[in-house]
Amino acid sequence: MNQNCRHCNCTLNHNFLDLGFSPPSNAYLTKESLSKPELTYPLRLFVCEHCWLVQTEDFINADSLFDKDYAYFSSTSKTWLEHAANFAEEIINFQKLDENSFVIEVGSNDGYFLRNFQNRGIPCLGIEPTSKVASVAKAQGIDVLETFFGTKCASSLGKADLIYGANVYAHVPDINDFTDGIASVLKHDGIAVLEFPHLMRLVEFVQFDTVYHEHFSYLSLLTVNSIMDKSGLRIFKVEELNTHGGSLRIFACKQNANITSDPSVRSIIQLERHRGMDTKAFYSNFQHQAERTKNEGLKFLIEAKTNSQSVMGYGAAAKGNTFLNFAGIKPDLIQFVCDSAESKIGKFLPGSHIPILSPDVLFKEPPDHLIIFPWNIASEIKKQLASLVSHGTRFWKFIPSIEEI
Numbered sequence: 002m003n004q005n006c007r008h009c010n011c012t013l014n015h016n017f018l019d020l021g022f023s024p025p026s027n028a029y030l031t032k033e034s035l036s037k038p039e040l041t042y043p044l045r046l047f048v049c050e051h052c053w054l055v056q057t058e059d060f061i062n063a064d065s066l067f068d069k070d071y072a073y074f075s076s077t078s079k080t081w082l083e084h085a086a087n088f089a090e091e092i093i094n095f096q097k098l099d100e101n102s103f104v105i106e107v108g109s110n111d112g113y114f115l116r117n118f119q120n121r122g123i124p125c126l127g128i129e130p131t132s133k134v135a136s137v138a139k140a141q142g143i144d145v146l147e148t149f150f151g152t153k154c155a156s157s158l159g160k161a162d163l164i165y166g167a168n169v170y171a172h173v174p175d176i177n178d179f180t181d182g183i184a185s186v187l188k189h190d191g192i193a194v195l196e197f198p199h200l201m202r203l204v205e206f207v208q209f210d211t212v213y214h215e216h217f218s219y220l221s222l223l224t225v226n227s228i229m230d231k232s233g234l235r236i237f238k239v240e241e242l243n244t245h246g247g248s249l250r251i252f253a254c255k256q257n258a259n260i261t262s263d264p265s266v267r268s269i270i271q272l273e274r275h276r277g278m279d280t281k282a283f284y285s286n287f288q289h290q291a292e293r294t295k296n297e298g299l300k301f302l303i304e305a306k307t308n309s310q311s312v313m314g315y316g317a318a319a320k321g322n323t324f325l326n327f328a329g330i331k332p333d334l335i336q337f338v339c340d341s342a343e344s345k346i347g348k349f350l351p352g353s354h355i356p357i358l359s360p361d362v363l364f365k366e367p368p369d370h371l372i373i374f375p376w377n378i379a380s381e382i383k384k385q386l387a388s389l390v391s392h393g394t395r396f397w398k399f400i401p402s403i404e405e406i
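Counting from 1, position 404 in the sequence shown corresponds to residue 405 in the working numbering; the numbering is continuous, with no gaps.
Here it is in structure tokens:
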């Protein structure tokens, strides 16, 4: 398949990662749908040798991925809620936001972030295309526009003092139009803040399980700086975060805004160049590393089955689905996966067809081994399930390699 880069339109020739065929990671199945055909698509990444944007192949449109049944709720993680509340307080003080300000969040999910502004009387608006999660925010009295963000959407909005997007930048198929939309809706002295997983950490810690069809792009500061510049924006500050295995939080403004650039921007770009992120060599060995990690996980599960030890999973997350489908793991190796999200309980994981049950079952019949798939919040999950330790349950994560928690 011949494909061009989503940012600079150059032809893509370098295959960075091939995870075989997989269904969309959030396409959970009902019992009735198990007897019907299930669509799978190639899950491959390419890197542009001109602007170094890493991107998926185009097979599925965003409307199909983020439909009315999309079932990711940000508020299920206490750690993430604290992260959002802390940053909301910080940015309110930094931008001196008050009742005369206007805040927009793109990919506002269930209102986890905007509630912090609503509680302070700061006018805000969420942009969220998936009706199931948007309805939760609306029930809290938060204004939500159910659509995808871009220049068309931006043209109908007022000017914002702050635009925020956490883990949404990688989810947009037309990243140039999305960024143009941000530029058009910002006030002259307004700022945009985006958080996204850092490609450098993805490679460093073999986080191939963060690759799924819903993530169209995998981002370095080098590339994001180029995208922002093309849209008339300037990154003036960058923070490194621990979230999602290592993320960047970028602060951007209009190019001629009276905001001084922080040394952090140049520092991280220099670090990325030092690591070789603008060379093919940086991307050349990742396939082998992913396959090695997959094989280690399979070996662990097969040995546990051979020794008649029970293995269950926790977290019906996209990360787990990528790993399970790449490794071809089925219910014979992992009996079921538990999740606290009511919207997922009683359904089945896409591809692997492993049943999703309430965490209550873990306490009725504690497993010998519990695999935590959302490894980025593994410590939080183990604390919630700490009483299982006294029953002999051992907690594990598979990324970047098998490790007991």
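All residues carry an ideal CB built from backbone N, CA and C; glycine is no exception.
DSSP three-state call for Trp53: helix, strand or coil?
-> Along the sequence shown, one-based indexing puts residue 53 at 52. In the structure shown, Trp53 sits in coil (DSSP, three-state: anything other than H, G, I, E or B).
Along the chain, which unbroken stretches of the alpha helix (DSSP H) at least 4 residues long are found entirely within the region 106-139?
-> Runs of the alpha helix (DSSP H) inside the region 106-139: 116-119.
Hey, quick one: how far does the alpha helix (DSSP H) through Leu222 stretch, first residue to last?
-> By one-based count along the sequence shown, residue 222 stands at place 221. Where Leu222 is concerned, the enclosing alpha helix (DSSP H) stretches over Leu222 to Lys231.
Return yes when the Cβ of Leu35 is within less than 8 Å of the Cβ of His354, no when it is not.
-> The residue you call residue 354 lines up with position 353 of the sequence shown. The residue you call residue 35 lines up with position 34 of the sequence shown. His354 places its beta carbon less than 8 Å from that of Leu35.
Alpha carbon of Ser157 to alpha carbon of Ser268, nearest angstrom | For the purposes of this step, residue 157 is identified with residue 156 of the sequence shown, where counting begins at 1. For the purposes of this step, residue 268 is identified with residue 267 of the sequence shown, where counting begins at 1. Distance between the alpha carbons of Ser157 and Ser268: 37 Å.
Between the beta-carbon of Leu334 and the beta-carbon of Leu363, is there less than 8 Å?
-> The count along the sequence shown starts at 1 and reaches residue 334 at position 333. The count along the sequence shown starts at 1 and reaches residue 363 at position 362. Cβ atoms of Leu334 and Leu363: not closer than 8 Å.
Do the CB positions of Ser218 and Ala171 come within less than 8 Å of each other?
-> Your numbering for residue 218 matches position 217 in the sequence shown. Your numbering for residue 171 matches position 170 in the sequence shown. Yes. Within cutoff.
Can you have a look at Asn243 and say buried or exposed, based on whether 16 or more other CB atoms are within 10 angstroms of its CB?
-> Within the sequence shown, the letter at position 242 stands for residue 243. Exposed, by the Cβ-count rule.
Cβ distance (whole Å) where Gly159 is taken to contact Phe118 below 8 Å | One-based indexing of the sequence shown puts residue 159 at position 158. One-based indexing of the sequence shown puts residue 118 at position 117. Between Gly159 and Phe118 a beta carbon distance of about 15 Å is seen, past the 8 Å cut, so the two are scored as non-contacting.
Option in Gly329, His370, Ile270 and Phe324 with minimal Cα separation from Pro401 = Against the sequence shown, residue 401 aligns to sequence position 400. Among Gly329, His370, Ile270 and Phe324, the Cα nearest to that of Pro401 is on Phe324.
Can you tell me which of the three DSSP states Leu302 falls into?
-> As a working mapping, residue 302 is identified with position 301 in the sequence shown. It is helical.
Would you check if the distance between the CB atom of Glu129 and the CB atom of Ala138 is smaller than 8 Å?
-> Residue mapping note: residue 129 aligns to position 128 of the sequence shown, counting from 1. Residue mapping note: residue 138 aligns to position 137 of the sequence shown, counting from 1. Taking the C-beta atoms as reference points, Ala138 is found nearer than 8 Å to Glu129.
Skipping 5 residues on each side, what residues in its chain have a beta carbon closer than 8 Å to that of Met278?
-> Position 277 of the sequence shown, counted from the first residue, corresponds to residue 278. Within the same chain, and ignoring the five residues on either side of Met278 in sequence, the residues whose Cβ sits closer than 8 Å to its Cβ are Trp53, Leu200, Met201, Ser221 and Leu223.
Identify, in the order they occur along the chain, each residue of the same chain with its Cβ nearer than 8 Å to the Cβ of Glu90, setting aside the five sequence neighbours on each side.
-> Position 89 of the sequence shown, counting from 1, holds the residue named residue 90. Within the same chain, and ignoring the five residues on either side of Glu90 in sequence, the residues whose Cβ sits closer than 8 Å to its Cβ are Asn117.
Pull up the DSSP beta-bridge partners for Gly314, would you.
-> Indexing the sequence shown from 1 puts residue 314 at position 313. Paired residues: Val338 and Ile372.
Tell whether a beta-carbon distance below 8 Å holds between Leu20 and Leu40.
-> One-based indexing of the sequence shown puts residue 20 at position 19. One-based indexing of the sequence shown puts residue 40 at position 39. Against a cut-off of 8 Å, the Cβ pair of Leu40 and Leu20 comes out as no contact.
Residues of its chain near Lys79, where Cβ-Cβ distance is below 8 Å and the 5 sequence neighbours each way are ignored = Position 78 of the sequence shown, counted from the first residue, corresponds to residue 79. Non-local beta-carbon contacts of Lys79 in its own chain, meaning distances under 8 Å to residues more than five positions away in sequence, involve Glu381 in chain order.
Can you give, in chain order, each stretch of the beta strand (DSSP E) that sits fully within the region 183-253 and has at least 3 residues?
-> Residue ranges of uninterrupted beta strand (DSSP E) with 3 or more members, entirely inside the region 183-253 and ordered along the chain, are 187-198 and 234-242.
Could you pull out every residue in the same chain whose Cβ sits closer than 6 Å to the Cβ of Gly321, ignoring the five residues on either side in sequence?
-> In the sequence shown, residue 321 corresponds to position 320, counting from 1. Beyond the five residues adjoining it in sequence on each side, Gly321 comes within less than 6 Å, by CB distance, of Phe374 in the same chain, given in chain order.
Would you say Ile176 and His51 are within 8 Å of each other, going by their C-beta atoms?
-> The residue labelled residue 176 in the question sits at position 175 within the sequence shown. The residue labelled residue 51 in the question sits at position 50 within the sequence shown. In this structure, Ile176 keeps its C-beta atom at 8 Å or more from the C-beta atom of His51.
Smallest Cα separation from Lys169: which of Phe206, Leu234 and Val107?
-> Stepping through the sequence shown from its first residue, residue 169 is reached at position 168. As written in the sequence, residue 169 is Val, which differs from the Lys given in the question. Comparing Cα-Cα distances from Val169 to each of Phe206, Leu234 and Val107, the minimum goes to Val107.
In three-state terms, what does DSSP make of Ala63?
-> Taking the first residue of the sequence shown as position 1, residue 63 is located at position 62. In this prediction, Ala63 scores a pLDDT of 49, lower than 50, which makes its location untrustworthy; the coordinate-derived value is nonetheless stated afterwards. Helix, per DSSP.
So what does Asp19 bridge to, in DSSP terms?
-> Walking along the sequence shown from the start, residue 19 turns up at place 18. Asp19 is bridged to Arg45.
For Ala317 versus Leu350, is the C-beta spacing smaller than 8 Å?
-> Your numbering for residue 317 matches position 316 in the sequence shown. Your numbering for residue 350 matches position 349 in the sequence shown. A contact, by the Cβ cut-off of 8 Å.
Close Cβ partners of Gly352 (< 8 Å) along its chain, the five nearest in sequence each way excluded = Position 351 of the sequence shown, counting from 1, holds the residue named residue 352. Answer for Gly352: Ser23, Pro24, Glu39, Thr41, Asn322, Leu325 and Asn326, listed in chain order.
From Ile105 to Ala135, what does the alpha carbon distance come to, in whole angstroms?
-> Here residue 105 refers to the residue found at position 104 when the sequence shown is read from its first residue. Here residue 135 refers to the residue found at position 134 when the sequence shown is read from its first residue. If I take the Cα positions, the gap works out to 14 Å.
Return the residue from the list Lys153, Leu272 and Asp111 that minimises the CA-CA distance to Thr180.
-> Taking the first residue of the sequence shown as position 1, residue 180 is located at position 179. Out of Lys153, Leu272 and Asp111, Lys153 has the C-alpha closest to the C-alpha of Thr180.
What is the rounded straight-line gap between the Cα of Ile260 and the Cα of Asn16?
-> Position 259 of the sequence shown, counting from 1, holds the residue named residue 260. Position 15 of the sequence shown, counting from 1, holds the residue named residue 16. Rounded to the nearest angstrom, the two C-alpha atoms are 39 Å apart.
Gly298 versus Asp210, Asp162 and Cys125, residue with shortest Cα-Cα distance | Taking the sequence shown and counting its residues from 1, the one referred to as residue 298 is at position 297. For the options Asp210, Asp162 and Cys125, the alpha carbon positioned closest to that of Gly298 is the one of Asp210.
Between Leu234 and Ala253, is the Cβ-Cβ spacing less than 8 Å?
-> In the sequence shown, residue 234 corresponds to position 233, counting from 1. In the sequence shown, residue 253 corresponds to position 252, counting from 1. Closer than 8 Å, so yes.
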